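Only one structure is covered here, and it is reproduced in the block below.
There are 2 protein chains.
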Amino acid sequence: MRSAEMDEKSLNNDRYVYLFDDVARAERNVGGSWDAVRELLGGKGANLGKMASEGLPVPYGFTVTTEACLDYLKQDSISEQVWTSVLDALRKVETRMGKKFGADVDPLLVSCRSGAKFSMPGMMDTLLNTGLTDANVVSLAKATNPRFAYDSYRRLIQGFGAIVMGVADDLFEEQLKTYKAKAGYESDLDMTVDDWKAIVSIYRTILKEQTGSDLPQNPLVQMKMAITAVFSSWNSERARAYRNATGIPHELGTACNIQSMVFGNMGDTSCTGVAFTRNPTTGENRMFGDFLPNAQGEDVVAGIRSCFNVHELKGRFAQAYEELLRVGNNLEQVFRNMQDIEFTVQEGKLFMLQTRDGKRTARAQVRIAKDMVREGLISKEEAVKRVQTGDVDVLLMPQLDEREMEEARRKSLMLASGVNASPGGAVGQVALDSKTAEELHSQGKDVILVRQFTKPDDVPGFFASKGVLTAEGGATSHAAVVARQFGIPCICSASTIVIDTEKRCFTTAQGTVVHEGDVISLNASVGEVFQGPISTVDANFEHEEDLQMILDWSDEIAAENYTRNNKKMRGLKVFSNGDSGVDSAKARAFGAVGIGLCRTEHMFFGSERLPLMRKFILSQDTKQRAAALDDLLPIQTADFEAIYRAMSGFPVIIRLLDPPLHEFLPDRDALVSSVAKMEVSSNGLRRQLEETRELLAQVESLHESNPMMGLRGVRVSILYPELIKMQVKAIIGAACNVRREGMSVLPEIMIPLISVSKELEMVRHQCELYADEVLELNNMKDLSYKIGTMIETPRAAVTADEIARSADFFSFGTNDLTQMSFGMSRDDAERRFLQDYVNKNILMKNPFQSLDEKGVGKLVHMATNDGREANPALQIGICGEHGGDPSSIVLCHKMGLDYVSCSPYRIPAARLAAAHACLW
Amino acid sequence: MRSAEMDEKSLNNDRYVYLFDDVARAERNVGGSWDAVRELLGGKGANLGKMASEGLPVPYGFTVTTEACLDYLKQDSISEQVWTSVLDALRKVETRMGKKFGADVDPLLVSCRSGAKFSMPGMMDTLLNTGLTDANVVSLAKATNPRFAYDSYRRLIQGFGAIVMGVADDLFEEQLKTYKAKAGYESDLDMTVDDWKAIVSIYRTILKEQTGSDLPQNPLVQMKMAITAVFSSWNSERARAYRNATGIPHELGTACNIQSMVFGNMGDTSCTGVAFTRNPTTGENRMFGDFLPNAQGEDVVAGIRSCFNVHELKGRFAQAYEELLRVGNNLEQVFRNMQDIEFTVQEGKLFMLQTRDGKRTARAQVRIAKDMVREGLISKEEAVKRVQTGDVDVLLMPQLDEREMEEARRKSLMLASGVNASPGGAVGQVALDSKTAEELHSQGKDVILVRQFTKPDDVPGFFASKGVLTAEGGATSHAAVVARQFGIPCICSASTIVIDTEKRCFTTAQGTVVHEGDVISLNASVGEVFQGPISTVDANFEHEEDLQMILDWSDEIAAENYTRNNKKMRGLKVFSNGDSGVDSAKARAFGAVGIGLCRTEHMFFGSERLPLMRKFILSQDTKQRAAALDDLLPIQTADFEAIYRAMSGFPVIIRLLDPPLHEFLPDRDALVSSVAKMEVSSNGLRRQLEETRELLAQVESLHESNPMMGLRGVRVSILYPELIKMQVKAIIGAACNVRREGMSVLPEIMIPLISVSKELEMVRHQCELYADEVLELNNMKDLSYKIGTMIETPRAAVTADEIARSADFFSFGTNDLTQMSFGMSRDDAERRFLQDYVNKNILMKNPFQSLDEKGVGKLVHMATNDGREANPALQIGICGEHGGDPSSIVLCHKMGLDYVSCSPYRIPAARLAAAHACLW
């Protein structure tokens, strides 16, 4: 009596071991947080405890804590104290179960299972039937049935060998296979008692041969070795590698769960199964799973026999089925999430072996989150939190059919792989240049544009294509950026393909030659190129009602006032980048509340426009130049009108011409080559040679050694004020026209690449002059417009206070700001060393994809604060690649920006990220 | 009596008018500062007052203040109050002189002269003889001599017409010339009384015709109009333009000095002259000047008659001569500077009309400053303050002979002009490429390298040349930077010359064809190119003893502890950039106390080394690469040894390889062109074509769209750690060798282009590994070395705290930092828009020449503070162009840097600037 009391007491105070129904004590000890309980007991142990505490049918047992694991790892042995606690707990389980662990007669058997805070491959899994010995297997055979007993015993030997002693599992499986083959058996079900006995004997030989020792016949030794194996597996190479890759801390440790065995293989009244409380693919609120009669858990997973749908339990195990549904429901109430459960029915009685939050597809994630709000299980905030931006991306991209791809891979129809620059699936005929792409497209063909790399004048080719494949350039190369902007699947850096534009084909590493016009398929979500067509599965935002619901809630959350630094704040608004009415309509459909970046130069690459632009650039005098601009004016005006119409009531931020002028001219190398060839050949091409030479000279005169830092942005406007005049006339003129149609127009003019405040002052003044002239002419002086600037040079960020005095808004051009802050040209860096930097952990991530918080972020933060101090009315946002990157969006929120702008297809994810930022 | 008392009192309190001997009251009123007195009375008035107060023989008079001028400019008329004050003061002058202003008999005549705080062309100069009228000229003729009286009268009419009424002076001069020609006179001395009377009449006609009015016969009206004209001239177009150009504030205004006339034209006992108290060309302490007997001041300046040396006064005006020497000495004691004086001897008596600090050559400036310290007139600090860094530059450059250049200009032998990128004079034969330059040089010829622009592989050509001329590239282009580094005169941007490398010649705008081998001369201090040879005048630092004295004092001042923010600080040390033993010896001779930047890549461009470097770059595997490096190792080691020897006892900071690798490879365009040509011609060059194609492919693979922000600096070291190994072995190995020779070696390894702290951490670790290996091998583990980094990307500046933890020193690479902060590629910007920006006042100055305080400076300041906070032992300096720019040096001092490093030839000026920074 006194000893029992002491036992009770000692376990009550125990740090290392918790009985399943003792989870409340664990919660108290760690201060009440469920997260801390999971850290102490592991996810599996905590959940088993929770189930037990809720009175659900859990086979009794206990958890040896992660602390015990960490102690073990430090001392390299299970301490006396821990072992004493284990034995104490075991005694309590024996009392509850009315059986003795490993007793010769009617023994208590247990499973030993690892369970860390985060589920993790690479660690020891489950050792079943611990406690069986040569002695008690005989008694078990008598008490239950012999076939079951020896089957169980061989499982222990196999598991102990493979998991605890490190023998290759294949050795056991091979022998079993050979044995069955010899006997002419098709399945384990054909095995007789004697067969299993023979297998037991074979397995013991393997164990002996491989490890020099036999299965310990002392059940406690089995258990101790199992616990030791679980703890050791925390530091296995695979586990460490997995933690490195996923960022799980190495100092967490794993718990070990000791649970009384129940048996699904005790005959026809027993079964075992796994199930999800809802459909993990569609999210439908109906249990989804499989079971196997007369089997142990691993058989279900192993797929040895074909399983039955979980709902077929109804016929065969009616009571257990009812209880399973009830328990499933109960678990969802407890864990407020869809559960992934393991269960066993032993002689008609249901036991729960494990529960955890179930993995699911993006589609299921969204539906379940929405449904659970409707069911009152979770709040809208919780639902929004649960949906990840990656889920949204996946939902919105058409994808290649998985099954067909699998087949294509098997048939070696994969041509190349590259960087998954813009996700989705695309199928079409190869076009090796933009012109061909446009031609094929005009014939109603689906096209895949295949290029060494792309340039701005390839943009028309993008519009004509279903997908883009390049041999060069990384995830933020021109091709990638443009593709993402327009939601075109794109694979970059497929460096093994060799394009031959003369012979109009490309060759793969395997020597396959793909000709222009041949069909290929891009799995751009992953980066695989396939020969021939593969079916695609479409996405359609309008039909994604569940997602739309989640995004509407996201908008609500971002719009709600919340408090930061004692101030009521609004979350980030999501604007869209867009250069046309079509873009803008798409952006509105996706939920953008403004255009944050209209790149006017994209409008100049169209086939009717490029010649005018070249005429402007190559003009010898202002008169010629003015004539070219006069021709461009109505075209630009019409462009802007279309955008304003689509964005009625929302702001439209239009950037003045930004790129260096030579981007509009023919390629320099090609001209050098032409001139050289003409010089050598004597075919009387004198005039043509002279002309080409002259053109080359003009191109040369515009050539720059570092064009990114040359004559572009506001510098072009200052050199050619007539360009500002034309653009402002188009911007404000179009606004007047559309307003006359009865719409609400909110134009904003953005000046790019400021590095000196005077640049902005000067150009702002000119813009106002021209704008007011147009307004006067239209008799619309009350039409208000804003003038702001990009902050994209480090110096602009550092002198933001001065610049803010002439700006109504700042828009951080974090692409250029990152390039200039790092001193890294994006394309050059990604092509030559950036990946190496990430691999070597010099950089944690590519700063062109995710905003660099420490460096570029510091500049953005400084500029935001200095700018607002100088001009409290300043509106501040970000445009460009980072504006669509979820982690960057959270950073923008933290720094107090007003909006982010990203490509139309990234808007849904951005809306979600903006809400996440408010919730975290 | 009562009225006189009141007069006395009213003038004592007068704000607008100060009598000459009343300068003490002016000093009191403005708070005692001489600068403020000069602002109130103008430089001329203040100095006249000072002389009068010192009892020197100044014709009495008074100054109407700049305040009165500002009042006038505001109200557009002389106020009643000012005029009353003028009349009061005039009465006092009349009393003192015992004459009445403009009286009919024995009139008091005055001069009216403008005088602002800063001497300024474009304003009204001097109106002499004010107060003469038709009436009193007769009396004056009787009292003195008639010829003098009518000469004076015609001068008044001419001056009044030209200066007060704005009549073109030529009209008067033409008539006088015609008159003399008709009469057959050679000089004014031939003119008789009647002749002058006739001229008076002719001049009055001109005045009447041109202005419609006659000379006012009321003397007070003459004076009031004269004062009005002086005040108005402050806002003349020329004066405003001059102030805009020189940065003189427009709100200062000018004073007007009214001074009793004395006459140097009263016959042979009278004369007038100008003199410097010391020689303004050589600085010799002996009065230097001219005088003219029987003349008025303007005659001396006008050069109408040839003057006498001032020391000839001794024979003709012995007493006045003695007094002049005494007065000169006295003035130097009062103004503690060499004076530029105007004097008149009237009937044997000396009068001082003006004194001011004298302008002088750089050489005189230095000598006078040194002498005055020796004479106890000024302190060393004052001497150092007076010498400007520009003076030092001028002293140290060989120059073309001025006289010969004048002749060449006259003969139209000037071929072109350009930017004076690196000062000095150079004469030599034209070489159109580096190879030719080296060839001619090896034949003992003087060479001028003439290129479109230069690249790193032209550097050997620089060494072979006396001067460099380029058609492209500004003051900080490659050519300019390298030229300054090596003290080679260089003219850039001579855009009118057209180079034809086929025909081996260049053509000027005038069509002159200059062939390779022809001699030209560069006046690179100004930017002029001459045909044919012009003699040069050499500079020799060792012989510049006066300058050396000044610089020694500068070093003393910079080394003295001074206090800033309550801390004792040392001024800036001056280090030198240098890549060789020769450079380093030069640097020591110029007074550098360390090498702040040794660019190892410059060593790779030598003719024996470039092939090895190319071998390294084009290697297909690490083995080939290692072999190339093995060959380079002994060469680098020897380079470093030479530097250490020259710098024994001083730190040597060696930068690891910095430029992008393609800079070591052949030109891409040339290869493209070659390939194209070979493709067309069918001369069986198949193998050569293949080889060229392959080379082009390799060059292409290293090609970058923005090489400045590509694979260079530390990025190369990280990609090719074997390069670090070779360089560290050479750096530390050489240090061991030289130390064994008994010298003190202080090597410091500098890692370029850090943008992420991990880069430095990683490379530092490798450097330490290799260095310690070498030290162990040499058994010299006590040889200490430092490892630091360039701060040249904005991100490095922003994350300086992290970087400082792995750095022993920072060296700001402000060239790149400026490029990246502004987002401006230096060459592209200077070629295409930077000058336009300066012209339009968008930028006040070229930020590549003078450190941009607001932007780049802010980053430097942040990084300095953050770096020191994280690592208080951090040494901080600056290398590159700004390190030799005086205003940037002052800024570096303000930001608390420890040293600046500049090219050897800029060291003297930098030493001076470092002292200036301590004194201001």
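Order-wise, the sequence lines are chains U and W.
Residue numbers for the first sequence, in UniProt numbering: 1 to 920.
Residue numbers for the second sequence, in UniProt numbering: 1 to 920.
The beta carbon of each residue, even a glycine, is placed where N, CA and C say it ideally should be.
Since the model is a prediction, treat every value here as computed from it, not as a measurement.
Check	Outcome
Restricting to runs no shorter than 4 residues, where is the alpha helix (DSSP H) found entirely within the region 422-499 of chain W?	434-442, 459-463 and 478-485
Is the shortest distance between the beta-carbon of residue 355 of chain U and the beta-carbons of chain W less than 8 Å?	no
Can you confirm whether residue 572 of chain W, when its beta carbon is compared against all beta carbons of chain U, has any partner nearer than 8 Å?	no
Return the CA-CA distance between residue 152 of chain W and residue 129 of chain W, expressed in angstroms with no decimal places.	7 Å
What residues in the region 786-811 of chain U have a beta carbon less than 9 Å from any beta carbon of chain W?	792, 793, 794, 795, 796, 797, 798, 799 and 802
Cβ closer than 7 Å: which chain W residues qualify as neighbours of residue 895 of chain U?	Residues of chain W passing the Cβ test: none, with the nearest at roughly 14 Å.
Would the region 178-197 of chain U count as touching the region 98-110 of chain U if we require 3 or more Cβ pairs under 8 Å?	no
What is the DSSP secondary structure of residue 353 of chain W, counted as helix, strand or coil?	strand
If residue 915 of chain U sits next to residue 369 of chain U, beta carbons under 8 Å apart, how far is it from one beta carbon to the other, in whole angstroms?	The pair is not a contact, with the Cβ atoms about 12 Å apart (cut-off 8 Å).
How big is the Cα-Cα spacing for residue 472 of chain W and residue 166 of chain W?	46 Å
Considering only the beta carbon of each residue, do residue 626 of chain U and residue 722 of chain U sit closer than 8 Å?	yes
Is there a Cβ from chain U that is less than 8 Å from the Cβ of residue 690 of chain W?	no
Since residue 230 of chain W is in the alpha helix (DSSP H), which residue starts that stretch and which ends it?	219-233
In this structure, does DSSP put residue 899 of chain W in helix, strand or coil?	strand
What residues in the region 664-677 of chain W have a beta carbon less than 7 Å from any beta carbon of chain U?	669, 672, 673, 676 and 677
Considering only their Cβ atoms, is the gap separating residue 739 of chain W from residue 783 of chain W smaller than 8 Å?	yes
Using a Cβ-Cβ cut-off of less than 8 Å, list which residues of the region 812-838 of chain U approach chain W; keep chain order.	816, 819, 820, 821, 822, 823, 824, 825, 827, 828, 829, 832, 833, 836 and 837
If you measure from the beta carbon of residue 745 of chain W to each beta carbon in chain U, is any gap under 8 Å?	no
Under the rule that 16 or more other beta-carbon atoms within 10 Å means buried, what is residue 5 of chain U, buried or exposed?	With a pLDDT of only 45 at residue 5 of chain U, under 50, the local geometry of the prediction cannot be trusted, and the value read off the model is given with reservation. Per the 10 Å Cβ criterion, exposed.
Determine which residues share a DSSP beta bridge with residue 18 of chain W and list them.	W:63
Tell me, please, which residues DSSP counts as bridged to residue 655 of chain U.	U:599 and U:750
Nearest by alpha-carbon distance to residue 45 of chain W: which of W:824, W:66, W:30 and W:29 is it?	W:66
Compare the C-beta of residue 768 of chain W with all C-beta atoms of chain U and state if any pair is closer than 8 Å.	no
Give a yes or no on whether 8 Å exceeds the smallest Cβ distance from residue 4 of chain U to chain W.	Because residue 4 of chain U sits at a pLDDT of 45, beneath the cut-off of 50, its placement in the model cannot be relied upon, and the point is left open.
If you drop the 5 nearest sequence neighbours on each side, which residues of the same chain put their C-beta closer than 7 Å to that of residue 2 of chain U?	Residue confidence for residue 2 of chain U is low, a pLDDT of 42 falling below 50, so the modelled location carries little weight; the figure read from the coordinates is stated next. Excluding residues within five positions, none has a Cβ falling inside 7 Å.
How about the region 357-365 of chain W and the region 384-396 of chain W: do they share at least three Cβ pairs that are nearer than 8 Å?	yes
Out of curiosity, what's the CA-to-CA distance linking residue 347 of chain U and residue 228 of chain U?	33 Å
So is residue 481 of chain W in contact with chain U if we call contact Cβ pairs under 8 Å?	no
In this structure, how does DSSP classify residue 167 of chain U when only helix, strand and coil are distinguished?	coil
Quick check on residue 727 of chain U: buried or exposed, where buried means 16 or more other Cβ atoms within 10 Å of its Cβ?	buried
Does the structure place the region 604-611 of chain U close enough to the region 699-710 of chain U that three or more beta carbon pairs sit under 8 Å?	no
Identify every residue that forms a DSSP beta bridge with residue 259 of chain U.	U:61 and U:111
Quick one: what's got a C-beta closer than 8 Å to residue 794 of chain W's C-beta in the same chain, skipping five residues either side?	817, 820, 821 and 859
Throw me the rounded Cβ distance for the residue 17 of chain U and residue 116 of chain U pair, which I believe falls under 8 Å.	Between residue 116 of chain U and residue 17 of chain U the Cβ distance is about 17 Å, and since that is not below 8 Å, they are no contact.
Quick check: is the beta carbon of residue 529 of chain U nearer than 8 Å to any beta carbon in chain W?	no
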